[in-house]
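Worksheet for the structure shown next.
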Amino acid sequence: MKKKWKEWAAFAAACLLLAIGLAIPARPAKPAQRARPVHEAAGPLSGRILFLDAGHGGIDGGARAKDSGKWEKEINLQVTEKLQKLLLASGAQVIMSRESDMEYSQNKRQDLTARLEKAASGKAEMLISIHMNEYRDRSESGPQVFYRKGQEKSRLLAGVMQEQLIQGLNPSKERSALSGDYFMLSLNIPSVLIECGFLSNSAEEAMLLSPEYQYRIAKAIHDGIIEYFSLSSP
Ligand SMILES: [Zn+2]
Numbered sequence: 412m413k414k415k416w417k418e419w420a421a422f423a424a425a426c427l428l429l430a431i432g433l434a435i436p437a438r439p440a441k442p443a444q445r446a447r448p449v450h451e452a453a454g455p456l457s458g459r460i461l462f463l464d465a466g467h468g469g470i471d472g473g474a475r476a477k478d479s480g481k482w483e484k485e486i487n488l489q490v491t492e493k494l495q496k497l498l499l500a501s502g503a504q505v506i507m508s509r510e511s512d513m514e515y516s517q518n519k520r521q522d523l524t525a526r527l528e529k530a531a532s533g534k535a536e537m538l539i540s541i542h543m544n545e546y547r548d549r550s551e552s553g554p555q556v557f558y559r560k561g562q563e564k565s566r567l568l569a570g571v572m573q574e575q576l577i578q579g580l581n582p583s584k585e586r587s588a589l590s591g592d593y594f595m596l597s598l599n600i601p602s603v604l605i606e607c608g609f610l611s612n613s614a615e616e617a618m619l620l621s622p623e624y625q626y627r628i629a630k631a632i633h634d635g636i637i638e639y640f641s642l643s644s645p
């Protein structure tokens, strides 16, 4: 009898523990997270693949600043790196034509072809080529965007970009986007070549060399890219 009572007590205790266990809700499962590639962050440009080309490089210095003697290729890369950072922060995947002072070929056409192949093989959906201008008349100034004639999407992108550069940089001379027959603009994706300003103009050269002004250029281009996608997306 005594033994049976003990068995009942053990049984009751087991039931109580089971009841307590059932009463405590199971820890809710964590919501399943969508697998994202590591390069893709959240932001207005999430999922976009953009190709940035810092013009010239290596043996090809591009234009030379009249006062400082700096080569265009260096300033192009500085602006492009600032733009890359901003675009990555907005969630884009960025492919760079170059991240150092190099050329793909000493033959200019082959060098540009290699850059375009990199954009195409990376499945870039937009191409931005960064340059600095020069002109024999040293009073010329202001940023100017070029697109390829007949490419309607590129024309739209160029117009949006020109406006953003005018708003962001407040140049004394306001230029309009122009069509230009540049080989770098020959891919069938929205493509623009941006001449950020004139290295032949003393006042503009000083601005183009300053990190603050370079950042303002990069920010204006970044904002132009976002505006373009918001206009062109259904
Ligand atoms: Zn150039």
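With positions in the sequence shown counted from 1, the corresponding number in the numbering used here is that position plus 411. From the three backbone atoms N, C-alpha and C, an ideal C-beta is built for every residue, glycine too.
Contact annotation, L461 with I577: C-beta distance approximately 22 Å; criterion of less than 8 Å not satisfied. Residue environment for N599: exposed (fewer than 16 other C-beta atoms within 10 angstroms of its C-beta). Between L580 and the set D592, P554, Y593 and G561, the nearest pair of CA atoms involves P554. From the listed residues I632, V571, L589 and I637, the smallest Cα separation to K493 is found for I632. By the C-beta density criterion, L642 is exposed, having fewer than 16 other C-beta atoms within 10 angstroms. Distances from the CB of N487 to the heavy atoms of ligand 1 include at least one below 8 Å. Your pair W482 and G469 does not check out as a contact, with CB atoms roughly 11 Å apart and the cut at 8 Å.
Along the length of the region 515-572, whole beta strand (DSSP E) runs at least 3 residues long occupy 537-544 and 555-558, reported in chain order. In the assembly as shown, K560 is an exposed residue. Its beta-carbon has fewer than 16 other beta-carbons within 10 Å. With distances taken between CA atoms, M507 lies nearest to K534 out of S583, K534, S590 and Q517.
Close to ligand 1, as judged by a C-beta nearer than 5 Å to any of its heavy atoms, are the residues G466, G473 and H542, in chain order. With fewer than 16 neighbouring CB atoms inside 10 Å of its own CB, P622 falls in the exposed class. Just so you know, the alpha carbons of V505 and L463 end up roughly 7 Å apart. Bounds of the beta strand (DSSP E) holding S602 are S602 to F609. Residue range S613 to L620 is occupied by the alpha helix (DSSP H) that includes A617. Separation of N518 and H467 (C-alpha to C-alpha, rounded to the nearest whole angstrom) is 12 Å. Approximately 6 Å separates the beta-carbon atoms of S590 and Y558; this is inside 8 Å, confirming the contact.
Contact check between the region 541-552 and the region 496-504: fewer than three CB pairs, one atom from each, fall below 8 Å, which does not count as touching. Shown here for D478: same chain residues with a beta carbon closer than 8 Å to its own, the five before and five after excluded, namely S613, E616 and A617 in chain order. Within the same chain, and ignoring the five residues on either side of M513 in sequence, the residues whose Cβ sits closer than 6 Å to its Cβ are G468 and G469.
Here the alpha carbon of E510 sits roughly 7 Å from the alpha carbon of L488. Residue state for G468 is assigned as strand, using DSSP reduced to three classes.
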